[in-house]
Ligand code: F6P
C-alpha cells in the first residue's frame, strides 16, 4: 500500500472534516501518500483529485461540511460510471480508498470493490444513524443537538400560545433522530417509520393530552413517517372538527440539521473512525466499515451495513409515551 484516496459522498454530516483529518494524518504518519478526491463519486469519475499533506487538513476539525465537498452521483450508479471511476483511480496510482458517507456511499463502495477489486474501507458519515455495524454515525450527535436546540425554542413559543406544534426532523426512512429528539425535547408524541401509526390514534392521543393539561404540545415527526410527514398530518388533523379549537403549526427543521460545528462527541468519534479506517487498510482489510459498538472499534462487512436493517431502540419509544 503506497497511495490512498480519501473522499466524502452523499449528504454531508458534521464531523466529516474531523474524519478526513484523522485518515490523512494517520496515513501520512505511516509513510503513505494521500489523495483527496473532491465531490465524492462525481469527482472520482472526473479525476478531480488533490494531493494532501498534514497542512491540508489543519484547522478543519471544528468545521461542519466537508473540505472535499460532497455530491450524489447518478453516473456512479451505473456499471459504466464505476468502470470510469476505477480507471481514473488506477491512472492516479491510488491503491485503496477511505470512503466517508452513508448507505448510498457504502453501497457504491461495495460495488466498486466487487467489480474492480479496489480495496475500500468505509467510515459511517451520516446524520441519520441508520447504518448497521455502528452504534452511532458521524454527525448524528451534532444533528440531534441542533434539532433539540430548535425544539427547545419552539417549546417556548408553543407554550406562550398554547399551540400544538408538529416538528419534522430528518432521518430519511428511519426514526433515529426523531426518537432521540423526542426524548431529549420532552415531546408529547413521536412518530417514526419503524412504528405504524394511524391518524385516529394520533388524534386521540393529542386530544387527550391537550384536554388533560390544556397546554402546548410538541409532536416530533420523522420525515419518513408512514403518514407522509408533518404537513400531511396537519391536513389530516384539520379535517376533524375536534381540532378546530387547537391552534396548530408545522415546523420542518430541514437542512439546518446537517450543518454546524461538530459536537465533542462527534469529533472524537470521527477521529477514532478515520484513523481506524487507515489502520484497517494497513492490516489488509478490505470491503469493511469501521464502526463503534459498545465503545469498541468494530469492522463489519460493507454489504451488511446497508443491506441489514438497524433497529431503533423500542425501549426509548416506550419511554416517550411514559414520560409525556
Ligand atoms: O442522509 C442525510 C439526509 O440529510 C437525510 O436525513 C435526508 O432525507 C436527505 O439526506 C436529504 O438529502 P438532500 O440534501 O440531497 O436533499
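Numbering (UniProt numbering), first residue to last: 3 to 326.
Note that CB positions come from ideal geometry on N, CA and C, so glycine has one too.
Which residues DSSP lists as bridging residue i, in chain order
i, result
"residue 5", "35"
"residue 324", "In DSSP, residue 324 forms no bridge with anything."
"residue 125", "102"
"residue 299", "294"
"residue 224", "171"
"residue 218", "In DSSP, residue 218 forms no bridge with anything."
"residue 185", "Looking at the DSSP assignment, residue 185 forms no beta bridge with any residue, so it has no partner."
"residue 140", "127"
Heavy atom of the ligand F6P within 8 Å of residue i beta-carbon
i, result
"residue 172", "yes"
"residue 259", "yes"
"residue 124", "no"
"residue 41", "no"
"residue 225", "yes"
"residue 234", "no"
"residue 120", "no"
"residue 74", "yes"
"residue 68", "no"
"residue 128", "yes"
"residue 13", "yes"
"residue 104", "yes"
Identity of the residue in the options nearest residue i by Cα
i, options, result
"residue 196", "179, 208 and 284", "179"
"residue 302", "296, 311, 314 and 289", "289"
"residue 53", "30, 43 and 67", "30"
"residue 212", "198, 189, 233 and 200", "189"
"residue 246", "209, 181 and 202", "209"
"residue 136", "166, 311 and 205", "311"
"residue 14", "27, 26, 35 and 40", "40"
"residue 101", "291, 319 and 172", "291"
"residue 28", "61, 281, 252 and 114", "281"
"residue 56", "26, 168 and 148", "26"
"residue 177", "24, 224 and 84", "224"
"residue 78", "47, 165 and 304", "47"
"residue 321", "187, 306 and 269", "187"
"residue 97", "81, 83, 118 and 84", "118"
"residue 222", "287, 168, 240 and 130", "168"
"residue 83", "191, 64 and 43", "43"
"residue 304", "126, 59, 171 and 191", "126"
"residue 323", "203, 309 and 272", "203"
"residue 157", "22, 33 and 253", "253"
"residue 67", "133, 60, 80 and 19", "19"
"residue 49", "122, 260, 8 and 146", "8"
Simplified DSSP assignment, three categories, for residue i
i, result
"residue 164", "coil"
"residue 190", "coil"
"residue 170", "strand"
"residue 251", "strand"
"residue 52", "strand"
"residue 10", "strand"
"residue 94", "coil"
"residue 111", "helix"
"residue 152", "helix"
"residue 42", "helix"
"residue 199", "coil"
"residue 29", "helix"
"residue 288", "coil"
"residue 59", "helix"
"residue 176", "coil"
"residue 71", "coil"
Proximity test, Cβ basis, 9 Å: residue i and chain C
i, result
"residue 302", "Any reference to chain C falls outside this structure, which holds one protein chain only."
At least three beta-carbon pairs within less than 8 Å, the region 68 to 87 to the region 256 to 270: The region 68 to 87 makes no contact with the region 256 to 270; the number of CB pairs closer than 8 Å stays below 3.
Touch test, the region 101 to 115 against the region 217 to 231, Cβ-Cβ under 8 Å, three pairs minimum: Counting Cβ pairs under 8 Å, fewer than three are found: no touch.
Three or more C-beta pairs below 8 Å linking the region 148 to 164 and the region 199 to 218: Output reads yes: the region 199 to 218 touches the region 148 to 164.
Stretch pair the region 295 to 310 + the region 80 to 92: three plus CB contacts closer than 8 Å: Contact between the region 295 to 310 and the region 80 to 92 is absent, because fewer than three Cβ pairs lie under 8 Å.
Cβ pair count under 8 Å reaching 3, the region 107 to 126 against the region 233 to 242: Segment contact: the region 107 to 126 against the region 233 to 242, fewer than three CB-CB distances shorter than 8 Å; contact not assigned.
Three or more C-beta pairs below 8 Å linking the region 309 to 324 and the region 167 to 187: Short answer: they touch.
The region 6 to 20 touching the region 134 to 149, judged by at least three CB pairs closer than 8 Å: With the cut-off at 8 Å, the region 6 to 20 and the region 134 to 149 touch.
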